[in-house]
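To start, the structure itself, in structure tokens.
Numbering (the working numbering), first residue to last: 1 to 482.
Below, the structure is given as structure tokens:
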């Protein structure tokens with residue numbers, strides 16, 4: 001057994017065990033609810049899950065669920081495996097040996113990434129999508145080395161995985177586009193196209209067998225129109241460009257790496273300051289290493305392809321994703337940023353003139369410690385119910401204790417969340433102010449979730465919270481009983 005194999009085995013076990021220990025046993029938001037429901041009844045027409053249906057992710061999750069019989073553990077196990085492959089292909093793409101100092105630091109930074117860890121426990125396909133994206137990118141960008149047969153197979157594997165990716169996380173495709181286009185200009189393009197087509201047919205064929213074509217098209221049209229014109233949080237519905245840019249940066253800086261943002265704990269400021277110092281000291285050496293010592297044609301082409309892909313993906317989420325309320329869209333960019341952080345830390349640790357740069361070791365150690373603390377603290381908070389999950393528990397307990405008929409007034413999304421989890425009540429969905437007229441006939445015995453009523457004094461007022469850097473969806477929800 002080689003040292004490299006032993007290290008990879010430790011990483012695999014650590015990824016799985018850590019994610020299983022941090023499993024969450026509640027439905028934290030609406031997106032998670034749809035995927036949880038898909039474990040019981042996969043039905044695109046019922047938005048279980050919503051289009052684009054995520055058939056590959058749901059199929060693998062259901063297989064694990066069939067064995068484990070606990071969907072929460074199934075999602076965590078899949079998240080742990082996806083985290084391992086994210087680490088594996090990050091190192092492969094960067095051509096870093098796992099046994100080197102840089103390899104071990106890269107493993108640490110990716111493994112302890114707070115957003116990556118949170119998403120690996122969430123009932124969603126994002127981390128699996130990142131792993132598949134990196135795998136496809138690695139195989140697609142394999143440079144010519146004289147072994148054309150092996151190379152053609154590797155490139156075809158990359159295209160096959162690109163097709164699979166469409167069944168896991170369709171929105172990640174823009175990052176792959178430059179790499180796919182570059183490879184199509186070289187030899188073996190027909191083989192690559194066939195492999196990509198097979199990758200799509202692997203999940204599209206069974207999807208069409210359980211979902212009628214007309215149903216699938218209707219779901220696609222409804223979801224696409226809603227996403228780009230109504231609820232999707234794109235630039236067409238939230239056109240404040242500077243605010244959107246700020247939220248994307250916050251997603252990468254604060255959510256992605258647990259760094260300081262207004263209102264956060266001071267330890268996040270320690271992490272941020274230490275990281276800035278580390279990167280500042282190491283940046284010129286990193287630039288020299290990449291541009292002088294590793295400036296072969298293939299490396300430059302590869303670097304440009306990845307950089308352009310990341311830029312295209314950044315533009316895509318900035319314009320066409322809900323970056324204001326959902327930080328998870330930056331997830332595919334984090335392994336590349338983590339790699340940059342790891343390189344900066346490694347540069348400082350391996351400096352030849354230790355007497356001159358000894359002061360730089362302090363920031364590296366501070367970063368490692370505070371980065372770990374922030375991540376672990378956030379993960380522990382994630383195991384506790386979100387605000388909407390707390391409301392679900394509160395109303396369920398109230399019904400068991402009182403047993404009286406209950407009216408619940410809320411927006412339709414909250415109604416869907418509660419009703420789908422067997423909260424029996426008469427729901428009064430409020431879409432606009434005109435809907436409030438329905439409450440005139442009710443004198444007492446109803447609950448309002450959200451904003452209070454203007455002309456009534458509530459008997460009970462409760463406010464439920466969770467850390468917005470655990471989940472940005474409804475971090476504060478008030479409840480009023482009348």
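Even glycine gets a Cβ: it sits at the ideal position worked out from N, Cα and C.
For residue 255, the secondary structure class from DSSP, reduced to helix, strand or coil, is helix. Between residue 418 and residue 439, the C-beta gap is not smaller than 8 Å, which leaves the two residues out of contact. The DSSP-derived three-state label of residue 478 is strand. Its chain contains 151, 154, 155, 158 as the residues whose beta carbon lies nearer than 8 Å to that of residue 142, once the 5 sequence neighbours on both sides are disregarded; these appear in chain order.
Sorting 198, 259, 160, 134 by C-alpha distance to the C-alpha of residue 85 places 134 at the top. For residue 306 and residue 28, the gap between their C-alpha atoms comes out near 34 Å.
Excluding sequence positions up to five before and after residue 124, its CB lies within less than 7 Å of the CB of 31, 32, 35, all in the same chain and listed in chain order.
Closest by C-alpha distance to residue 303, out of 48, 44, 64, 138, is 138.
In terms of Cβ geometry, residue 246 and residue 258 do not form a close pair [threshold 8 Å].
In the assembly as shown, residue 256 is a buried residue. Its beta-carbon has 16 or more other beta-carbons within 10 Å. Residue environment: residue 365 is assigned as exposed (fewer than 16 neighbouring CB atoms within 10 Å of its CB, all protein chains considered). Straight-line measurement puts the Cα of residue 391 at about 7 Å from the Cα of residue 464. In this chain, the beta strand (DSSP E) harbouring residue 462 covers 460 to 465. Taking a C-beta distance under 8 Å as the contact criterion, residue 164 and residue 199 qualify as a contact pair. Collapsing the DSSP output to three states places residue 51 in coil. Taken through DSSP and simplified to helix, strand or coil, residue 43 comes out as strand. The criterion of a C-beta distance shorter than 8 Å is satisfied by residue 447 and residue 479.
Under a 10 Å Cβ-count criterion, residue 214 is classified as exposed, with fewer than 16 other Cβ atoms of the shown protein chains found around its own Cβ.
Secondary-structure assignment with DSSP links residue 448 through a beta bridge to 409, 480. Counting C-beta pairs closer than 8 Å gives three or more between the stretch 308 to 325 and the stretch 227 to 235, which meets the contact rule. 416 is the residue among 311, 416, 264, 243 whose C-alpha sits nearest the C-alpha of residue 427.
Cβ neighbours of residue 53 within its own chain (closer than 7 Å, five residues either side excluded): 44, 207. DSSP places residue 427 in the strand class (E or B) of the three-state scheme. Look at residue 183 here: in three-state DSSP terms it is helix. Separation of residue 96 and residue 205 (C-alpha to C-alpha, rounded to the nearest whole angstrom) is 38 Å. For the pair residue 100 and residue 336, the Cα-to-Cα distance works out to about 18 Å. In the structure shown, residue 457 falls within a coil segment according to DSSP collapsed to helix, strand and coil. Pairing residue 429 with residue 411 gives a Cβ-Cβ distance under 8 Å.
By the C-beta density criterion, residue 380 is exposed, having fewer than 16 other C-beta atoms within 10 angstroms. Put simply, of 424, 24, 8 the residue whose alpha carbon is nearest the alpha carbon of residue 120 is 24.
It is roughly 43 Å from the alpha-carbon of residue 113 to the alpha-carbon of residue 433. Here residue 305 carries a helix assignment [DSSP, helix/strand/coil]. In its chain, beyond the 5 residues on either side, 174, 175, 177, 178 have a beta carbon closer than 8 Å to the beta carbon of residue 312.
Selection 374, 243, 196, 396 evaluated against residue 421 yields 396 as nearest (Cα-Cα). Minimum Cα-Cα distance from residue 471 among the listed residues 442, 329, 14, 37 corresponds to 329.
A direct Cα-to-Cα measurement between residue 263 and residue 109 gives close to 24 Å.
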